Amino acid sequence: MKKIKEKLKTLFKITVSIVLIVYLVLNKVDKNELIRNFKLLDWRFIPLIFILIVSHYIVSSFRWKSLLVHDKAKNVSPLYLFNLYFIGAFFNNFMPTSVGGDVYKAYMLSKKIDDSAIGLSSVFTERFTGIIMLALIALLSLSKSLGFKVLILIIWLVMGIYLGLYALKLLSKTKFKFFKKVYDALMIYRNYPKVLLFAMLSSIIVQVLSILTQYFTFMAIGVRLPIFYSFLAFPVITLAGFFIPSLNGYGVQDALYMSMFSLVGVPAETAVSASIIYHLLRLGVSLIGGVLYALGKDS
């Protein structure tokens, strides 16, 4: 029964992606203009975008490594985590939502160190610090238009984090021992403030790399976005990918690109073209993960 539910969830998310893509192509986008934009692609930007994506994985791997403070995980090498990042990106192409690869990474690390709680908590913390910095970048980008209201939103964000940890604490006191293991694995970071600071600072670098990757994708088709607006729009689009059901952001990202960049005068066809190119570039880089998986670099 559980397997059937999981298959239905995946089918639903694939359907959402397909419906959005078909809707955009048939109703919102001039297909001839879309093809013309692809022909305008400046290939000189492709190596730069490739380097930015790989750099994103390298910095993320070191961030993850810094969070492995538990005795069982201290000997895990950054290279192994780097391989898992690539392989996780490869599996993201076939798994629902943009965090599907995280499930794989947590599973493989847990298997390697023989501790599922530590594996899960490290992946969760690594991803969570990224989401926090992503949200803060978006909120700070809004500060010019929202002013004091941004501070209120940040307070709500902090309160949400505390409530989430408190809920986990309550769950850790139930009969489900796994929640206690995860809670204890997370609470160990209270003794490592420098580790959390490093994770936060490296998360800023990770998010800036992600924003620049998408920014230069637009430049590759001749569009220079307002840099300030880019630091608002791209984090919002990325955050949406975590929560809106889809297959690795397909359809959802395209619709959000079209919607958000229309506000700064970017035609729908151009925005969707940039989104598709970004999809293809990420797919191309992730194929390295497929090769690493075939070579058994995840064991």
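All letters in the sequence shown, in the order written, are residues 257 to 555 by my numbering. Note that the Cβ used here is the ideal one computed from N, Cα and C, for glycine as well. Since this is a predicted model, take the numbers as computed values, not measurements.
Beta-carbon gap between residue i and residue j smaller than 7 Å
i, j, result
"F342", "L519", "no"
"V391", "L413", "It should be noted that the sequence gives Ala, not Val, for residue 391. Yes; because the gap between Cβ atoms is below 7 Å, this pair is in contact."
"F490", "I305", "no"
"L323", "S378", "yes"
"F487", "I467", "yes"
"L335", "W320", "no"
"N293", "T526", "yes"
"Y445", "L453", "no"
Residue nearest to residue i in terms of C-alpha spacing, selected from the options
i, options, result
"M443", "S459, L424, S458, A550", "L424"
"V541", "I307, N288, W299, I291", "I307"
"Y448", "T430, I411, H326, F318", "H326"
"A455", "H535, K287, L536, R383", "R383"
"I604", "S531, L495, D510, L457", "Here the chain covers residues 257 to 555 and nothing more, so residue 604 does not appear."
"S316", "G552, P482, Q463", "Q463"
"L465", "K295, L539, I314", "I314"
"F498", "I483, G356, F435", "G356"
"L427", "M415, D440, G416", "D440"
"F435", "S372, K450, V479", "S372"
"S366", "L419, F484, G545, K437", "K437"
"Q509", "T494, I411, D370", "T494"
"R300", "I408, Y422, M475", "M475"
"D358", "L457, F318, F380, K368", "F380"
"L457", "K287, S515, F318", "F318"
"F484", "Y506, A496, F517", "F517"
"V522", "G507, V479, N288", "V479"
Inter-residue CB distance, residue i and residue j (contact presumed, cutoff 8 Å)
i, j, result
"G344", "K361", "5 Å"
"A329", "I374", "6 Å"
"L297", "I533", "7 Å"
"Y513", "V492", "The pair is not a contact, with the Cβ atoms about 11 Å apart (cut-off 8 Å)."
"D554", "N331", "Not a contact, Cβ separation roughly 17 Å."
"L228", "F346", "The shown model of the chain, from 257 to 555, leaves out residue 228, and the question about it has no answer."
"S459", "M389", "4 Å"
"N539", "N349", "According to the sequence provided, residue 539 is Leu. The question's Asn does not apply to it. Right, the Cβ-Cβ distance comes to about 6 Å (below 8 Å), so this counts as a contact."
"L537", "I309", "7 Å"
Extent of the continuous alpha helix (DSSP H) run through residue i
i, result
"F432", "No alpha helix (DSSP H) contains F432, which DSSP labels as neither H nor E."
"D554", "Where D554 is concerned, there is no enclosing alpha helix (DSSP H), given that its DSSP letter is neither H nor E."
"I314", "301-322"
"I369", "356-369"
"V451", "449-475"
"R480", "Neither: R480 is in no alpha helix (DSSP H) and is coded neither H nor E."
"N293", "287-295"
"N515", "The residue asked about is misnamed: residue 515 is Ser in this sequence, not Asn. Start and end: 508-517."
"A329", "Premise fails: A329 is in no alpha helix (DSSP H) and is neither H nor E."
"F346", "334-348"
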